[in-house]
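According to the numbering used here, the stretch in the sequence shown is residues 7 to 211, in order.
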Amino acid sequence: MPGDLRRPIQSKYSVIRKLTGVPGLRDVSDPSLPHFAYFHPTPESINTAISALETYVLAEGPFDGIIGFSQGASLAVMWLTLKAYNNPEAPPPVSCAILFSRVLSYDPVTWHATGVAQKLENVPDGGRRIQIPVANLWGANDREDVLEYGPATANLFDEQGYWSYVHPGGHEVPGLAMREALKKTAKIAKRSIMQAQMAAESLDR
C-alpha cells in the first residue's frame with residue numbers, strides 16, 4: 007500500500023482493514039502499531055477487495071496502468087486475471103502493470119465457481135493470459151511467499167510483454183540506498199510503459 011502504512015485511506019471505495027502485530031512489515035514500519043490492509047488472507051475478504059477495485063475503476067477511470075506493492079500487487083493481478091477470464095475478447099482494463107513483491111494470491115475464478123481456495127500460480131482453466139505488458143519485480147531477500155509468487159507471475163501474463171527483475175533487497179521498492187537496483191527498476195518499468203505506448207500507437211494507425 008502506498009503512503010503512510012499507519013494511516014487509513016479515506017475513500018468511499020476503500021476496503022482498508024485494520025491489522026495488528028504485522029511482523030512482515032518490520033523492515034519498513036513498527037510492527038507493534040496498528041496497520042491497514044486491502045484484504046485479509048481469505049477468499050471472502052479478497053473477493054470484497056476485487057469488487058471494490060472494480061467499482062473504483064469504473065467510477066474514476068479509465069486509467070492507463072496499475073501499480074502495486076505487496077498486497078497491492080496481488081490485488082492487481084487477481085483483478086486482471088478475473089477480467090481476462092470473464093471478458094476474454096474485451097480490451098484489457100489497463101494498458102500495463104508494474105508489480106512489486108506480489109504476496110499470497112487466490113485464484114478468483116476457482117473461488118467464484120467452486121468456493122475452493124486455490125493459489126493463483128497459473129491461468130485458470132479455460133482462461134487466457136493477461137494481454138498487457140508487465141514489469142514484475144521482487145527482492146532476492148524477500149518474504150518466502152513472495153519468492154514463490156514472484157516467479158509464478160510469469161505464468162499469468164503474455165510472455166511477449168513480460169519483464170522481470172530481482173533486486174538485491176528484501177520486501178521493498180528499491181530506493182536511493184540501492185542506487186544500481188533503482189536504475190534497473192526504473193528501466194524495467196519504463197520498458198512495460200513504452201511497450202504499452204507502442205501498442206496504443208499501432209491501434210491508432
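All residues carry an ideal CB built from backbone N, CA and C; glycine is no exception.
Should K6 be labelled buried (16 or more other beta-carbon atoms within 10 Å of its own) or exposed?
The requested residue 6 does not occur in the structure, where the chain is confined to residues 7 to 211.
Would you identify the three-state DSSP class for A103, choosing helix, strand or coil?
strand
My output table needs one value for H118: the three-state DSSP class, helix, strand or coil.
helix
Please work out which residues of its chain come closer than 6 angstroms, Cβ to Cβ, to W85, disregarding the five sequence neighbours upstream and downstream, and give them in chain order.
I56, L59
Would you tell me roughly how many angstroms separate the C-alpha atoms of Y62 and T48, rounded to the nearest one?
21 angstroms
Helix, strand or coil for S198? Go by DSSP, reduced to three states.
helix
Per DSSP, which one or two residues make a beta bridge with G167?
None, per the DSSP bridge assignment.
Keeping to the same chain, check which residues put their C-beta closer than 8 angstroms to that of V140; ignore five residues upstream and five downstream.
C102, A103, I104, L105, T159, F163, G167, Y168, W169, S198
Quick check: what's the CA-CA separation for S107 versus D151?
9 angstroms
Since I believe V115 is in contact with L88 (beta carbons under 8 angstroms), could you give me their beta-carbon distance rounded to a whole number of angstroms?
6 angstroms
Close Cβ partners of P180 (< 6 angstroms) along its chain, the five nearest in sequence each way excluded:
H173, A187, L188, T191
DSSP bridge partner residues for G78 (one or two, in chain order)
In DSSP, G78 forms no bridge with anything.
Can you tell me which of the three DSSP states I56 falls into?
helix
Where does the unbroken beta strand (DSSP E) through G145 begin, and where does it stop?
140–145
Starting from the C-beta of V122, find all residues in its chain whose C-beta is less than 7 angstroms away, skip the five residues before and the five after it, and write them out in chain order.
T116
Rounded to a whole number of angstroms, what is the C-alpha to C-alpha distance between A206 and G71?
12 angstroms
For A158, the first and last residue of its enclosing alpha helix (DSSP H):
150–158
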